[in-house]
Structures are given as C-alpha cells and as structure tokens.
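I have placed the structure first, in the form of structure tokens, so that the comments after it can refer back to it.
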Amino acid sequence: MSLLHTLDRTLTVSTPTYTRPFLTFLYPAWCNSEPPRRCFSRSAVNRPPRLPRASGESSDNFFIHALARAASCPQHRIQIPHKTSGPGLPRAKRQGGRKRKGRTADEPEERRFRPFRRVRQFAQRELKALVDYYGPGFEDYKEEIFEDDSPLVWNVGDDHQPWPFKNPQDEDSVKRLEELLKNEEASHTDVFDTYKQLPAPGVAYLTANTIRRMLHHLSVLERPTPTAMQRFLSILDDMKYAHIHVTRSEWTTAIYLAGRFMGTVTSEHVNHALQLWRDMEKRAGIRGGVVTMNVLFDIAVRAGKYQLAETFLREMEYRRIRYHRHFRVSLIYFHGVQQNSDAVRKTYHDLVTTGEIVDVVVLNAVIAALLRCGEPSAAEHVFERMKRLAAIKDTNFFAPDAPLRFNMRIWRGRRTAGLHITKRSRELMRKNAPEDAAAELKDLQDAAPVAPNSRTYSLLIRHAAHTTGDLDRIMSLLREMGYNAVPVEGTTFIVILHGFCSFGGVRYSGWTLTRLEQTWQEYLGAVEQKLERTWVSRLAIVAALRAFHKCGAGEERLMRVWEEAKGLWVDAQPDEIEGCLRILRMLVRKRT
1 MSLLHTLDRT
11 LTVSTPTYTR
21 PFLTFLYPAW
31 CNSEPPRRCF
41 SRSAVNRPPR
51 LPRASGESSD
61 NFFIHALARA
71 ASCPQHRIQI
81 PHKTSGPGLP
91 RAKRQGGRKR
101 KGRTADEPEE
111 RRFRPFRRVR
121 QFAQRELKAL
131 VDYYGPGFED
141 YKEEIFEDDS
151 PLVWNVGDDH
161 QPWPFKNPQD
171 EDSVKRLEEL
181 LKNEEASHTD
191 VFDTYKQLPA
201 PGVAYLTANT
211 IRRMLHHLSV
221 LERPTPTAMQ
231 RFLSILDDMK
241 YAHIHVTRSE
251 WTTAIYLAGR
261 FMGTVTSEHV
271 NHALQLWRDM
281 EKRAGIRGGV
291 VTMNVLFDIA
301 VRAGKYQLAE
311 TFLREMEYRR
321 IRYHRHFRVS
331 LIYFHGVQQN
341 SDAVRKTYHD
351 LVTTGEIVDV
361 VVLNAVIAAL
371 LRCGEPSAAE
381 HVFERMKRLA
391 AIKDTNFFAP
401 DAPLRFNMRI
411 WRGRRTAGLH
421 ITKRSRELMR
431 KNAPEDAAAE
441 LKDLQDAAPV
451 APNSRTYSLL
461 IRHAAHTTGD
471 LDRIMSLLRE
481 MGYNAVPVEG
491 TTFIVILHGF
501 CSFGGVRYSG
511 WTLTRLEQTW
521 QEYLGAVEQK
531 LERTWVSRLA
541 IVAALRAFHK
551 CGAGEERLMR
561 VWEEAKGLWV
571 DAQPDEIEGC
581 LRILRMLVRK
591 RT
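Under full-length UniProt numbering, the sequence shown is numbered contiguously, ending at residue 592.
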C-alpha cells in the first residue's frame, strides 16, 4: 500500500459531506443534531433564520454560507447602539458584567418577547404620527411659566409731571374730566368715557392730584361689579406704562374689586386677589395695612377658605397690626359662618371693651351670626334691644345741630357716616388725654345710629322665609317697616319669593297664589319707582318663575311673568336671558 494511495483514499472519503465541521467554531448552533421542525410559537422570532445547507461542490460556497450564519448568530453579532433619549445623553450602563447566553424561566416577560414589543411600539408611533401636523415632539417643548419677582421700578417715587398735549381736544377732555370729579355723585360711566378720550396712556396727561381723585371716585361703589373692576384695573395698567406711583389705598381697592366683583367669591377670585397682594408687597415694596388685611380676610371667608383666613389673622399678629372696628365686624361674620356663638359674643365684647363705636352695622353682623349659629331667640332679643335704644336716643340726623349730619337713607350717607365713626374713634383712642377722649367717645356713641334698617329686617325675613316658613311673621315685619318708614330692598322681595318656592303649593298654608301675586306686584312697583337696591335680575326672575309654578299658576301666567319682568330688565346679558328662558321652558314642560 503506497502512501499516495492512502492519501487519496482519505481525501476521497472526507471531501463530500464532512468538510463543514472544520469551521464549526464560526457558528456552533449549525451543528445541532436535532432534525429541523416547523414552529409557529413566539420563540421562532428569536431564533436565527435557517439558511440552506452548503453543498460540497465549492469551498467558496462553504465559506459564504458559514459567514452568513455567523452574522446572524446572537453570540457573534455586533450590537449597534440606538439613541433613545436624544443627542448628547449617555448610554445606560449594563447591569451585569456578562451577557446572558439564552432565555431562562425567571426572565421577565418584556425581555423574553422583546421583538414583539418593539414591533408594537413602532406601530403605535406610526399611528400617533398620522396627526402630527406640526412635526414630532411638539408637546415636549412646552413653554415654562416664568414668575417675575423683580421690583417694580415704575412704582418708585411720586414725582409725576403731565405730558404736553398733542392737540387742543386733549386739553378740553382733561378740563371736562376735572369738572366731573368736582361732583362726588357724577356717573362713573361719564368719568371713564371722558378719560378714554385721551391718547393712551391717558394718565400721563393728568396731574397727580387729578389721578388720585379719579381713582377715588371710581372706588366709591354701592356694590362691586365686573365693569367697575375692569375700569379701575385698566387705569392701573396705564399708570404702569406711564411709570406713575400707585398708593396703598389704590392697591387695596384693586384687591377688593378683584375678589368681590362677582358677588359670589370663588377660588379663582381668591387667587387673583392674592396675586395683586403679592405684587403690592413683593414687587412694589408696599406693606399692607389693617384695611388691606381686612379685605383679604373677608375674601377668604366668603370663599370658604377658613384656613387661609386664619393665616391672615396670624400674619396680623406677626406684624402687630391692631384690629379696628370694621375688622372686628368681619371677625363676627367669620365666627358666625363657623357657627361658633361663643366666639361671636367674645368678639363683640372685645369690640366694646376696646372703646369702639357700636352702630347698626355691628349689631346687624351680630344678628346674622346668631341666626347662622342656630340661635334665633338671641337674634330676636338683639333686634328688640335695638328698637328700644333707638327710641331712647331719638337722634335726628337731619337737624342742623346733629353730631352726625348724614343722610342715612341713601347708601352714600351711610358709607360716609361709617367711615367717619371709624376714623374719629381711632383718633380719639390715640389721644394723650384719656378723659377728654372718653367724653368725646361717649358723645360719638350716643350719636351713632342703632335703629333697625332695611338690612336688619331683611335678615329676620330671610330666616322666616328659608327656615321657619312663618309667613305671618314676615307680614308683621313688613308692616313694621312701613310704619317706621324703612324702605324694602330688592333682596327682601327675592327672599320672600324663595319662601314661596319652598313652602308654597301646600293645602291650608298661608303661602297662597293670591299673596304671591300681591308680593310680585309690589316688587314690580318698587322697580318702576327705582328704589334703592331694587332692580330686575336673573336671580329675581328665576325665583318668581319657580314660585308661580310651585303655587299652581298656569302656562299663560308664567309667560306673563316673564314678559312683565323682561320689560323692566335693564342691561340684560344674552347668557342671562338664555338662562331664564331655559328655566321657563323646563317649567312649562312640567306643567303640560
């Protein structure tokens, strides 16, 4: 046997089918002895693709197939990093030093089926991208809210000098505005319209004295309204642009209008008031006084933010701000809302002990607080004592020698009298001669009005209409008001209408349709006569419609009630009219 023959035999045997194991290190999984099988499970996706076996015809084909299978092997494949967080971000570190060679039983589900998760995420991104008109990542670049805490450079100093007029018409507008401000009862609409005739900013063409008088005139209100708030704040904006100083009283008025302009105080109104207070103290550098804290405290209580109200009380103690008469009245209201009758009495006793003047405003606050605390007998006792004290004093406020010569029948007179009492009592308590001050305080207390007014009777009528349903008591109070020449306010009529809504339509009850007709005609007559604090509003119309519906009025009578009220409704807004019509349609459907 020759060596050549042996070599030839070896080549002959090994060449055809067994050349593949020489490079099995490139792809070990290819040497698996298990027969191939079809599989439709999820693990088939994780497996490498099966390529056709290489034939022994050519060594080139063998190497090509071996390299192709090595490229698809998970143990030799090169991982290309993918950016998932954006440019410039570091790659996440691996949790372990060695890479897993295969799946295990305790491997998480999200890692075990990663290809399916990637396909699902890709499909979601494609679906979301269908509506991305402005390109991807639009929501990732939201504008951040930046709060400016820098000081208000325009609120420093008070050396404003008027700008020169651009034309003669502007000078005429300023003179007309100054003439209007000389009359304290001039219409706010006329004053503001005359001011708006000036080029913006209009305050730049006015003297500092004219600006203060105009703001004070616009701050004297019977009740805050959205229009009054917009007018006042627009002038403050003009002062900002013209770099004109804003005083503490003007800041306080802005806070009051921002919190109370809608009557009902909400959390949004509280936030607006707090924002103005923050600008006043942090940016303008003006610390609020007792009036400012009283306004903030009252807004917080009316919004139901009792913890915030207590925070203002602690802030006043920290700043050592002394309470004055109006703030103690707000405290009485606060304790009444919390139904704490002992705190109500203690606050009233503190008010008397400190030498403050007790008038009808203070006593009305006590009556309202006691009614909220569920003590109507105590409230009636205070009411009877008010009438006895008024009979003993018998002060004529219209006499030439009267200590307080104010017209208490109009709201301007009552406002002026209250401010005078508060201011004068504080001046007397600060005097160095306590004997002289005590004598003057006694005279001022004797002159203070304590007789029940429209507000006093309205509180008792409200309690009878909402709680007890005693119509005879309501009629007795109305007759007493007529005997004492106390006018009936519009809110009193609305309260009585709500009583018909609650207790009307019951057999053998005094809340009959006849009495409702009488009350409604008296209300319309008061509106036509333009009595004080009496006007047609959405609240009154809705209460009247519900009352007539509850007392058994027909569809025709409901329509006539709407027509009668609509004819006297001044400055009705479209949304308010739509609200009334919606209630009317609902009541008519119930009747039919």
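Beta carbons are placed, not taken as given, at the ideal position from N, Cα and C, and that holds for glycine.
#1: Grab the span of the alpha helix (DSSP H) containing G525 for me, first residue to last.
#2: So, with DSSP's three-state summary, where would you put Y457?
#3: Looking at V588: is its Cβ nearer than 8 angstroms to the Cβ of E564?
#4: With three or more C-beta pairs closer than 8 angstroms as the rule, is the segment 314-332 touching the segment 285-305?
#5: Only counting runs of 4 or more residues, tell me where the alpha helix (DSSP H) segments fall wholly within the segment 274-353, in order along the chain.
#6: Distance check for E532 and A200, CA to CA, integer angstroms please.
#7: Round the Cβ separation of I255 and L233 to the nearest angstrom and send it over; I've been treating them as touching at under 8 angstroms.
#8: Quick one: measure Cβ to Cβ for G490 and A465, integer angstroms, because I've assumed they're closer than 8 angstroms.
#9: Nearest-angstrom Cα distance between K166 and M239?
#10: My output table needs one value for L221: the three-state DSSP class, helix, strand or coil.
#11: If you draw a straight line from the C-alpha of Y241 to the C-alpha of R430, how long is it?
#12: Output the distance between the C-alpha atoms of E250 and E178, rounded to the nearest integer angstrom.
#13: Can you confirm whether the segment 481-498 touches the segment 181-200 when touching is taken to mean that 3 or more C-beta pairs between the two stretches lie within less than 8 angstroms?
#14: For V360 and T292, what's the separation of their Cα atoms in angstroms?
#15: Suppose contacts are defined by Cβ-Cβ distances below 8 angstroms. Is C551 in contact with L516 by that definition?
#16: Run through the UniProt repeat "PPR" (359-389) for me and flag every whole alpha helix (DSSP H) of 4 or more residues, listed as ranges in chain order.
#17: In terms of residue numbering, what span does the alpha helix (DSSP H) encompassing G413 cover?
#18: Between H269, V570, M214, which has its C-alpha nearest V246's C-alpha?
#19: Cα separation between G504 and I583?
#20: Please confirm if the segment 367-374 is in contact with the segment 333-349, defined as three or more CB-CB distances below 8 angstroms between the two stretches.
#21: Using the rule of at least 16 other Cβ atoms within 10 Å of the residue's Cβ for burial, across every protein chain shown, is V366 buried or exposed?
#22: Count the other C-beta atoms from every protein chain shown that fall within 10 angstroms of the C-beta of N453, then say buried if there are 16 or more, exposed otherwise.
#23: Expressed to the nearest angstrom, what Euclidean distance is found between the alpha-carbon atoms of P162 and L206?
#24: Classify K166 as helix, strand or coil using the three-state DSSP reduction.
#25: Measuring CA to CA, which of G510, K530, C501 is closest to V488?
#26: Alpha carbon to alpha carbon, what distance is there between G304 and L419?
#27: Is it true that the CB of R302 sits closer than 8 angstroms to the CB of V344?
#28: Unbroken alpha helix (DSSP H) runs of length 4 or more, entirely within the segment 539-587: which are they?
#29: Counting C-beta neighbours from all protein chains within 10 Å, is the total for N209 16 or more, i.e. buried, or is it exposed?
#30: Are L351 and M386 closer than 8 angstroms when you measure CB to CB?
#31: Report, in whole angstroms, the separation of the C-beta atoms of T347 and H335, which I expect to be a contact under 8 angstroms.
#32: What's the call for G288, buried or exposed, on a 16-neighbour Cβ count within 10 Å?
#33: Is the beta carbon of V290 less than 8 angstroms from the beta carbon of H324?
#34: Could you give the DSSP three-state label for V488: helix, strand or coil?
#35: So what's I392 in DSSP terms, helix, strand or just coil?
#36: Could you compute how far the alpha carbon of A417 sits from the alpha carbon of Y508?
From the atom records:
#1: 513-528
#2: helix
#3: no
#4: yes
#5: 290-302, 306-319, 325-337, 341-353
#6: 36 angstroms
#7: Contact doesn't hold; Cβ gap of about 11 angstroms is too wide.
#8: Not confirmed; about 15 angstroms, so no contact.
#9: 19 angstroms
#10: coil
#11: 40 angstroms
#12: 19 angstroms
#13: no
#14: 23 angstroms
#15: yes
#16: 360-372
#17: 411-429
#18: M214
#19: 18 angstroms
#20: yes
#21: buried
#22: buried
#23: 5 angstroms
#24: coil
#25: K530
#26: 27 angstroms
#27: no
#28: 555-568
#29: exposed
#30: no
#31: 6 angstroms
#32: buried
#33: yes
#34: coil
#35: helix
#36: 47 angstroms
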